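Asks: For the sequence shown, counting from 1, position 66 maps to 353 in the working numbering; every step adds exactly one.
Beta carbons: idealized from backbone N, C-alpha and C, even for Gly.
Given the structure is predicted, the values throughout are model-derived calculations rather than measurements.
Structure provided below as structure tokens; questions to follow.
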Amino acid sequence: MKQEKIWTKDFVMLALANLIMSTAFYFLITGLPLYLGKTIHADNSMIGMVLAIYTIAALIIRPFTGIAVDIKGRKFIYLLSLLIFGLLFNAYIFSVTIVSIFLLRFIHGLLWGITTTSASTVIVDIIPAKKRGEGLGIYGLSMTIAMAIGPILGLVLAKKYDYEGMFIIGSALCFIGFILASLVKYPKYEIPKEKIKFNWSNLIEKKSLPVSLSFLLVMSSYGGLLTFIVLYGKQIKIDNPGIFFLVYALGIAISRVIAGKIFDKKGPRLIGILGFSLLIIGFPILSLVQNAYGFFGSALIMGFGNGILMPTFQAMINNLVEPHKRGVANSTLFTALDLGIGIGMVLTGFIADLFTISGSFLISTGICTLGFISFIFYSLKHYNANKL
């Protein structure tokens, strides 16, 4: 009997392409808020809205991308979107007003939504079904590494080469990712005899909704963290607050592969409870222990939690649908991701202006608790009743 392998040439190429593209994406997470504050003098609310428009754009396009990759195939859509996504980094150089930044962020967000949705569908096609949790955990490390190095590199590049250099290097990285993705042999899948047709009701995979709801709540808490952690670190006098992402990513990296293996053997309940518990512990530490120990300690704890939950949710939704519905299922999950991050960015910005950034992280604790309740009493029951 032929052994099913995760580590194939195509898997490695896709993981590397995702790593490189995501690293460029994370340049903007830290570089853009500082750029907006320094050159356009935007306040916290404006920064939150500029970053949120990116995820709103991705939110709009993902459902259409999901059904498109199921009808037309993965390769063309993925490669074209990745190429354009990279080219758009250069447009930031010429965007010097808040209106042009808003417009560019919206267009860039559309391409991010298309690229990541199609890529996540391709990787599920490649990973053996019996090793889906482990495979997605390993693949997710590409995003984790990008999360660790991207924000720090963005700050370094912006300081050394100014923001123009950061944008140009981001574009070049995406082009390298495009070349790697072009070398992949994209698997074919059987389209059912009843040909899939575009229909508004087909834009969302209903079987994925209960799991996606829990994921949305998790990502709402993450949106504020992603946007304001560097500013918060500066407020509480942390040296090199960008290292938060490195520690956070370390937690994710350690937990991802372990979580995937446990999921494949034991299912989502145990590992999901652990992931939520770590997030619910981490946010209060970040908010209340305002020193380096609390700042970086919470990063590690929440990194563990996020690293457990992301591959768990993704494996769950792909275990609920047939292969020809994976595109829509993944777009539904990532729509929840974008909507959650967008809500978190805006909500945190307003709370930070009304009260403090620290106070907004306490609100995130409550949001994670709601996600945990949703997971136990809704998502798990639905998963156990409908798993294929």
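Would you call the region 512-525 in contact with the region 342-352, where contact means no fewer than 3 C-beta pairs closer than 8 Å?
Replies: no
Asks: Within this structure, are the beta carbons of residue 447 and residue 608 separated by less than 8 Å?
Replies: no
Asks: On the three-pair Cβ rule with 8 Å, is the region 299-317 touching the region 402-409?
Replies: yes
Asks: Could you pull out every residue in the same chain whose Cβ sits closer than 6 Å to the Cβ of residue 647, ignoring the five residues on either side in sequence?
Replies: Excluding sequence neighbours, residue 647 sits near 511, 635, 638 and 639.
Asks: Does DSSP put residue 480 in a helix, a strand or coil?
Replies: Low confidence applies to residue 480: its pLDDT is 49, below 50, so where it sits in the model is not reliable, and the reading given next is rough at best. Note: residue 480 maps to coil in three-state DSSP.
Asks: Rounded to the nearest angstrom, how far is the Cβ of residue 380 from that of residue 337, given a contact under 8 Å?
Replies: At roughly 17 Å, the Cβ-Cβ gap does not stay under 8 Å, so residue 380 and residue 337 are not in contact.
Asks: Confirm, please, whether the CB-CB distance from residue 558 to residue 656 is below 8 Å.
Replies: Result no, Cβ atoms of residue 656 and residue 558 do not sit closer than 8 Å.
Asks: With respect to the alpha helix (DSSP H) encompassing residue 511, which residues constitute its N-terminal and C-terminal limits?
Replies: 496-522
Asks: Would you kindly check if the distance between the Cβ of residue 534 and the Cβ of residue 586 is under 8 Å?
Replies: yes
Asks: Helix, strand or coil: which one does DSSP assign to residue 604?
Replies: helix
Asks: Using the rule of at least 16 other Cβ atoms within 10 Å of the residue's Cβ for burial, across every protein chain shown, is residue 593 buried or exposed?
Replies: buried
Asks: Are there 16 or more other CB atoms within 10 angstroms of the CB of residue 612, so buried, or fewer, so exposed?
Replies: buried
Asks: Are residue 619 and residue 499 close, meaning C-beta to C-beta below 8 Å?
Replies: yes
Asks: Could you tell me which of 610, 509 and 614 sits nearest to residue 649, measuring between CA atoms?
Replies: 509
Asks: For a test of the three-state rule: what should DSSP assign to residue 357, helix, strand or coil?
Replies: Looking at residue 357 - three-state DSSP - the assignment turns out to be helix.
Asks: Does DSSP put residue 643 in a helix, in a strand, or in coil?
Replies: Three-state result, residue 643: coil.
Asks: Run through DSSP, which three-state label would residue 291 get?
Replies: coil
Asks: What does the Cβ neighbour count give for residue 294, buried or exposed, with the cut at 16 atoms within 10 Å?
Replies: exposed
Asks: Run through DSSP, which three-state label would residue 328 get?
Replies: coil
Asks: With three or more C-beta pairs closer than 8 Å as the rule, is the region 430-439 touching the region 327-334?
Replies: no
Asks: Can you list, in chain order, the residues of its chain with a C-beta nearer than 6 Å to that of residue 422? Leave out the 5 residues immediately preceding and following it.
Replies: 293 and 414
Asks: Helix, strand or coil: which one does DSSP assign to residue 631?
Replies: Looking at residue 631 - three-state DSSP - the assignment turns out to be helix.
Asks: Where does residue 304 land, buried or exposed, given buried means 16+ other C-beta within 10 angstroms?
Replies: It counts as buried.
Asks: Measuring CB to CB, does residue 691 end up less than 8 Å from residue 352?
Replies: Only positions 288 to 675 of the chain appear in this structure, which leaves residue 691 out of reach.
Asks: According to DSSP, is residue 578 part of a helix, a strand, or is it coil?
Replies: coil
Asks: Cβ of residue 444 within 8 Å of Cβ of residue 456?
Replies: yes
Asks: Taking all protein chains shown into account, do 16 or more other C-beta atoms lie within 10 angstroms of the C-beta of residue 470, making it buried, or fewer, making it exposed?
Replies: exposed
Asks: Would you mind sorting residue 355 into buried or exposed? The rule is 16 or more other CB atoms within 10 Å of its CB.
Replies: buried
Asks: Taking only three categories from DSSP, how would you classify residue 384?
Replies: coil
Asks: In whole angstroms, give me the CA-to-CA distance for residue 480 and residue 368.
Replies: Confidence is the limiting factor: at residue 480 the pLDDT is only 49, short of 50, which leaves the residue's position unreliable, though a coordinate-based value still follows. Computed Cα separation, rounded: 29 Å.
Asks: How should residue 267 be labelled, buried or exposed, when 16 other C-beta atoms within 10 angstroms of its C-beta is the threshold for buried?
Replies: Since the first residue shown for the chain is 288 and the last is 675, residue 267 is missing from the structure and cannot be characterised.
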